[in-house]
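Residue numbers (my numbering): 433 to 890.
Beta carbons: idealized from backbone N, C-alpha and C, even for Gly.
Nothing here was measured: the structure is a model prediction, and the numbers come from that model.
One structure is given here, and the rest of the page talks about it.
Encoded structure:
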């Protein structure tokens, strides 16, 4: 089946391989993954496939690529397991999502199945789910014929190596942080050599002639023999040692905390540190738009943690076409970065709303008209990095945004990121090959951005 004859719509596909740090050594591998995903999706679109089909197959390819943090090769949880998140949203804003799902080879396909079944009525007027998590999501995948693998089948050698290294680093940090707590307890609590049971006895039964630094004797009896402990006089306790150690630890705590929050901080320039999600946005020959995201989440995460890739409006969003809109505008946004901050700022939906009616926030908090390029910059600088919940967080605020706006005039890609790098690819049905770019910022949280336009031929 091919595209409808006489269609004026240009089919397009946009993919990204995550925001973070892509090493120069592995740059070509990341861009090849994006390029291959775009090629496969465009082949499907040219043969009449839908936007949902294209998003699914593009992300499936990224999930099957070891170097991405999605599907096979994902970051591992603290217990050493793969738990993935995925979302798929169609042109009407309907969604299917799975969170903290294990054993499923392609989480984006599970999101697709959940999306499709969510529109099928159930008996007794039950409402079909559009978001499943944990074992229930895995069961749903199995019941619907998706590939379910053994627990270790999604663990790649590099992800296992990273997990082992991070385990050792966490154990080392825990050991360092535990020691000062012992000093602090020693400093705040004086050593007690008096038998505590004496404090509960009546005044007449206490042997006042017994000094507190001598074993208790006399009328006090105990059903349990009291062990003699080493006697230490108050004058022998060196409080200063504990204080100095505690203060020394406090001064070095911030650097170790930062290291703990960023397990890859010790990696060299040849190692990737990709923060989170991969994503795709497609427009088919019918003019419909769709978007999807998939992620293995942050490394060493808590079991059951659900990231933005599974959350509609946070990691993925679509604003459908208003039937009364003469411009036929629709917008899709996918995000990547520090998931907890992206959730706090409702990044995808906020960005989509800003681009749909291009506005940016003024210093007084009002909205003023702006170009889409300005909107992306302001979204990252103000709505994300300037958000009180993000500013007050001890964790680094990382984000990458890929937005696509479709109107009657054409299709427009806008992207921005405050991470070191962001890998993207785009392709239209009129292109012979995908356009790939590894966007790199100047570092230190500076914002880099770019875009591309596909004008419709009149």
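query: Start and end residues, alpha helix (DSSP H) containing residue 788; result: 779–788
query: Where residue 699 falls: helix, strand or coil (DSSP); result: Annotation note: pLDDT 46 at residue 699 (below 50); position unreliable, coordinate value reported separately. Residue state, collapsed to three classes: coil.
query: Nearest-angstrom beta carbon gap, residue 723 and residue 766 [assumed within contact, 8 Å]; result: 5 Å
query: At least three beta-carbon pairs within less than 8 Å, the segment 793–813 to the segment 747–767; result: no
query: Contact belief for residue 924 with residue 861 at Cβ below 8 Å, rounded distance in angstroms; result: Since the first and last residues shown for the chain are 433 and 890, residue 924 lies out of range.
query: Nonlocal neighbours in the same chain, by C-beta distance under 6 Å from residue 482, ignoring five residues either side; result: 716
query: Rounded straight-line distance, which links the Cα of residue 511 to that of residue 805; result: 42 Å
query: Cβ-Cβ distance between residue 532 and residue 522 below 8 Å; result: no
query: Whole-angstrom distance between residue 822 and residue 679, CA atom to CA atom; result: For residue 679, the pLDDT reaches just 32, beneath the cut-off of 50, and the residue's location in the model is therefore unreliable, leaving the point undetermined.
query: Per-residue DSSP class, three states only, for residue 845; result: strand
query: Straight-line Cα distance separating residue 462 from residue 849; result: 17 Å
query: DSSP three-state assignment for residue 453, whether helix, strand or coil; result: strand
query: Beta-carbon proximity of residue 887 to residue 867, cut-off 8 Å; result: no
query: Beta-bridge pairing of residue 769 - partner residues as DSSP gives them; result: 831
query: Environment of residue 788 [buried if 16+ CB atoms lie within 10 Å]; result: buried
query: Bounding residues of the alpha helix (DSSP H) (the contiguous stretch that carries residue 495); result: 483–496
query: Validate contact between the segment 734–752 and the segment 767–786 using beta carbons, cut 8 Å, 3 pairs; result: yes
query: Simplified DSSP assignment, three categories, for residue 761; result: coil
query: For residue 800: DSSP bridge partner residues; result: 792
query: At least three beta-carbon pairs within less than 8 Å, the segment 603–613 to the segment 563–573; result: no
query: Residue burial classification, residue 456 (beta-carbon count within 10 angstroms, cutoff 16); result: exposed
query: Length of the line joining the Cα atoms of residue 878 and residue 854; result: 13 Å
query: 8 Å Cβ cutoff, residue 819 in contact with chain D; result: Absent from the structure is chain D; it holds one protein chain and no more.
query: First and last residue of the uninterrupted beta strand (DSSP E) at residue 872; result: 867–872
query: For residue 449, the nearest candidate out of 590, 856, 873, 865 (CA to CA); result: 856
query: Per-residue burial, residue 843 [other beta carbons within 10 Å of its own, 16 or more giving buried]; result: buried
query: Residue 520, DSSP secondary structure in three states; result: strand
query: Strand pairing of residue 811, partner residues [DSSP]; result: In the DSSP output, where bridge partners are listed per residue, residue 811 has none listed.
query: Cβ-based burial, residue 740 [other Cβ within 10 Å; buried from 16]; result: buried
query: Residue 579, buried or exposed, once every other Cβ within 10 Å from all chains shown has been counted against 16; result: exposed
query: In DSSP terms, what residue 884 is bridged to; result: 845
query: Cβ-based burial, residue 852 [other Cβ within 10 Å; buried from 16]; result: buried
query: Buried versus exposed, by CB contacts within 10 Å (16 or more), residue 524; result: exposed
query: According to DSSP, residues forming a beta bridge with residue 729; result: Note: residue 729 sits in no beta bridge, so no partner.
query: Contact under 8 Å by Cβ, residue 446 with residue 834; result: yes
query: Coil, strand or helix - residue 586 by DSSP; result: coil
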